[in-house]
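First the structure, in the form of structure tokens, and then the observations on it.
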Amino acid sequence: MKSNVTDRGDAALSKDISTRITKLRPLSKSAMRLMQIVGEEDYGLGDITRIVEHDAALTANVLKVANSPALGLRHKVDSLGRAVTYLGDKMVVGIAIAASSPEVFDSELPGYVGERGELWLHCLHAAMASREVSKRARQPVSPELAFTAGILHDMGKVVLSDFLDGQDLVRLLQKNGGDFLAVERELTGTNHAEVGLALARHWNLPDVLCNAIALHHNPEKALPADKPLVHAVHLGDAIAMLGGTGTGADAMGYSLSTESLRLFALDEGELERIILDVSLEFTAARSFLACPAG
1 MKSNVTDRGD
11 AALSKDISTR
21 ITKLRPLSKS
31 AMRLMQIVGE
41 EDYGLGDITR
51 IVEHDAALTA
61 NVLKVANSPA
71 LGLRHKVDSL
81 GRAVTYLGDK
91 MVVGIAIAAS
101 SPEVFDSELP
111 GYVGERGELW
121 LHCLHAAMAS
131 REVSKRARQP
141 VSPELAFTAG
151 ILHDMGKVVL
161 SDFLDGQDLV
171 RLLQKNGGDF
181 LAVERELTGT
191 NHAEVGLALA
201 RHWNLPDVLC
211 NAIALHHNPE
221 KALPADKPLV
231 HAVHLGDAIA
241 MLGGTGTGAD
251 AMGYSLSTES
261 LRLFALDEGE
271 LERIILDVSL
281 EFTAARSFLA
291 CPAG
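Printed below as a string of structure tokens:
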């Protein structure tokens, strides 16, 4: 289903920002296919393996992670099928996205006062949180799709960072009470969600992922069919920040949707438990899901 995301983001972008989008190296075909397949209801690990095995570099990365000391497996994993079984679909998708676009996820973000690697850690943390939250949805939503959307939600920052001054961003956030998107728009005429939407469309990502990227700060604007995923990513983003992995100045200005909390029936105690559980999972995974240097 097409969402109610408008075309304002594409139309409002300056020529310089649009040009910067076109110059970013796209995700690999393998990563794109993996993102598409996890949105389907009837896929299995065999489908994941068949996609990975046609990409030699990705196969090597998956085997490398599976044999990482951090996993602590007692026997060497020498087959792709076993590696995919051990790691699971969400980790394989994460490996594929990270390996195919280090320019996006391993970039320094001076416009957000963000250090190199911070974006990847935040997106990985948010992806894990989005997946955990999605399991509580009253409407069906794929946890693996939530994981993928969580990884991609902030990729517009990579582009917009080049058009921001970090100190100006911090100053205005302090001045106006932390309306992050409003400050971005005041400084650039757009915001990272709109730029992320334009980048997602440029890469021909599925509509469901475009919607989550565009509306992750405004989940209440999503169409009913899109709400579970968009709200899951919104909460995942917030949980990652509460868990200590923001991207520089963005942690100063995050407004949590009360509709998201109602949709997933989360009270303060449940939210704290999810934050703790996801933080433990993230800490265990970050060492072997590091973003390769570009």
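Quick note on numbering: the sequence shown equals residues 1 to 294 in full-length UniProt numbering.
Built from N, CA and C at the ideal position, the CB exists for glycine as well.
Shown here for LEU172: same chain residues with a beta carbon closer than 8 Å to its own, the five before and five after excluded, namely VAL183, GLU186 and LEU187 in chain order. Under the three-state reduction of DSSP, LEU173 is assigned to helix.
Residue range 207-215 is occupied by the alpha helix (DSSP H) that includes ASN211. At a Cβ-Cβ threshold of 9 Å, ALA232 and ALA149 count as neighbours. For LEU223 and PRO143, the gap between their C-alpha atoms comes out near 19 Å. Of THR247, LYS23 and LEU261, the smallest CA-CA separation from PRO219 is found for LEU261.
Annotated three-state conformation of GLY114 is strand, per DSSP.
In the three-state DSSP reduction, LEU121 falls in the helix class (H, G or I). The closest CA to that of ARG20, considering only GLY243, PHE282, VAL170 and SER161, is found on SER161.
The beta carbon of GLY243 sits closer than 8 Å to those of HIS125, ALA129, ILE275, VAL278, SER279 and PHE282, all from its chain and outside the five residues before and after it, given in chain order. In the structure shown, the three-state DSSP call for LEU164 is coil. In this chain, the alpha helix (DSSP H) harbouring THR49 covers 45-52. Taking 9 Å as the cut-off, the beta carbon of LEU205 is found closer than this to the beta carbon of MET32.
With fewer than 16 other CB atoms across the displayed protein chains lying within 10 angstroms of its CB, GLU40 is exposed. With respect to the C-alpha of LEU27, the residue from VAL38, ILE17, VAL195 and GLU103 having the closest C-alpha is GLU103.
Exclusion of the five residues before and after ALA249 leaves TYR112, VAL113, GLY114, GLY166, LEU169, VAL170 and LEU173 as the residues of its chain whose Cβ lies within less than 8 Å of its Cβ. Cβ contact annotation for SER134 (same chain, cutoff 6 Å, sequence separation greater than five): VAL141, PRO143, ALA146 and ALA232, in chain order. Taking 8 Å as the upper bound for CB-CB distance, LEU199 and VAL230 are not in contact here, some 17 Å apart.
Annotation: the continuous alpha helix (DSSP H) that includes GLY196 extends over 192-202.
Taken through DSSP and simplified to helix, strand or coil, LEU109 comes out as strand. GLY150 sits in a helix when the DSSP states are folded into three classes. Nearest to ARG25 by alpha-carbon distance, out of PRO228, TRP203, ASP16 and LEU58, is TRP203. LEU215 is the residue among LEU121, PHE180, GLY81 and LEU215 whose C-alpha sits nearest the C-alpha of LEU197.
Excluding sequence positions up to five before and after HIS75, its CB lies less than 7 Å from no other CB in the same chain.
Short of 7 Å from the beta carbon of GLY246, and not among the five residues preceding or following it, lie these beta carbons of its own chain, in chain order: HIS122. The residue from ASP89, SER100 and ALA56 with its alpha-carbon nearest to that of TRP120 is SER100.
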